[in-house]
Structure formats: C-alpha cells, structure tokens
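Structure follows, in structure tokens:
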C-alpha cells in the first residue's frame with residue numbers, strides 16, 4: 189500500500205468476515221491496544237468468533253488492511269429501541285504499530301459515512317479513556333465533543349481512570 193505523505197497509509201477497508209477472528213484477537217492482545225480499550229488481557233480467539241457471529245447483519249463492522257494484513261477495525265451499532273433509533277455507537281481500535289498513520293481516521297470516516305448517508309443517524313456516541321489524547325484528538329477532528337466525564341469508571345494497568353463520553357450531533 190503506498191504511503192500518503194511521510195508515514196500515513198491508505199488502508200483497504202472491507203466488511204468483517206468470520207475468518208478475521210484470529211487477526212482481531214492478535215490486535216486486541218497488543219499492549220497498547222489493550223491499554224487504550226476496555227479489552228481484558230489474553231482474550232481467546234473464541235471470544236472474537238462469538239462477537240463476530242453475533243454482529244453479522246445487525247451492525248456495520250469493518251476492518252482495515254495494509255498489505256493484506258488486518259491492522260484495525262471499527263463498528264457502528266444502532267440502538268434497538270424505537271425512540272433511540274437515531275443514535276449509533278462506535279467502537280474501534282488500531283494495531284499498536286499502526287497508530288498515528290491514518291488508519292483510525294480512515295475507519296472513523298467510513299463509519300460516519302455509513303451513519304450519515306446510509307442509516308440517517310443523527311447522534312453518534314463513543315467512550316474513551318480521558319488520558320488517551322491521540323484518540324481524543326482523532327474524535328475531535330471528526331466533529332465529536334466531550335459531553336461528560338465518568339470519574340474512575342475504567343480500570344487499566346492496575347489503576348482506576350476517568351472515561352469520557354463523546355458525541356457527534358447532526359440535526
């Protein structure tokens with residue numbers, strides 16, 4: 189995949205497949221990824237297999253590939269209740285050695301395109317650790333704003349940490 193600029197990449201984005209479980213498990217067990225997400229250490233492949241199987245057809249879940257290797261993923265889930273059908277939730281992550289190279293931005297942009305132009309969603313929400321400045325900058329660049337802080341709501345590396353709720357509105 190040719191770089192964009194000095195070290196930015198243009199990943200191939202595609203829908204998730206059941207055969208992607210092992211690659212997603214490998215990424216989720218990377219120390220940086222695990223530190224910045226709610227994932228637990230040593231998650232088994234079976235966990236990811238069940239997660240993928242349970243989401244197919246219900247959510248938009250995509251993976252980012254560079255040179256035919258999965259380097260990130262993201263999902264857009266819509267609310268089931270009729271009065272909240274205009275709301276979506278985003279979860280995403282990028283492999284440690286690809287952070288800061290445009291992968292997260294490509295994933296987020298694709299998910300927001302689906303939210304805006306295919307599902308007509310008006311509110312997109314996500315949560316992020318308050319200390320995850322690179323992710324917060326990414327979300328802000330795509331129109332997300334901090335709506336709240338949940339004090340000591342997360343636990344990572346033996347410490348309770350604050351979690352931010354961020355949202356992007358389009359009314």
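Numbering (this note's numbering), first residue to last: 189 to 359. For glycine and all other residues, C-beta sits at the position ideal for the given N, C-alpha and C.
In the DSSP assignment, residue 261 falls within the beta strand (DSSP E) that extends over 257-266. Between the C-alpha atoms of residue 205 and residue 251 there is a straight-line separation of about 9 Å. For the pair residue 348 and residue 337, the CB atoms are not nearer than the 8 Å cut-off.
Secondary structure within the segment 191-252: the beta strand (DSSP E) runs of 3 or more consecutive residues, fully enclosed, are 200-203 (chain order).
In the three-state scheme derived from DSSP, where H, G and I count as helix and E and B as strand, residue 325 is classed as helix. Boundaries of the alpha helix (DSSP H) around residue 298: 291-305. For residue 280, the enclosing beta strand (DSSP E) covers residues 275-282. If you look at residue 354, you'll find it in the beta strand (DSSP E) that goes 347-357. Looking from the CA of residue 299, the closest CA among 288, 314 and 234 belongs to 314.
Distance from residue 322 to residue 288 at the Cβ level is roughly 6 Å; contact confirmed, criterion being Cβ atoms closer than 8 Å.
CA-to-CA, the gap between residue 311 and residue 201 works out to about 23 Å. Annotation: the continuous beta strand (DSSP E) that includes residue 311 extends over 311-317.
In the three-state scheme derived from DSSP, where H, G and I count as helix and E and B as strand, residue 343 is classed as strand.
When the alpha-carbon of residue 209 is set against those of 330, 231, 297 and 220, the nearest one is in 231.
Taking C-beta separations shorter than 8 Å and ignoring five residues to either side along the sequence, the partners of residue 221 in its chain run 215, 227, 281, 282, 283 and 284, following chain order.
Around the CB of residue 354, 16 or more other CB atoms lie within 10 Å, so the residue is classed as buried. An exposed status is given to residue 306, since fewer than 16 other beta-carbon atoms sit within 10 Å of its beta-carbon.
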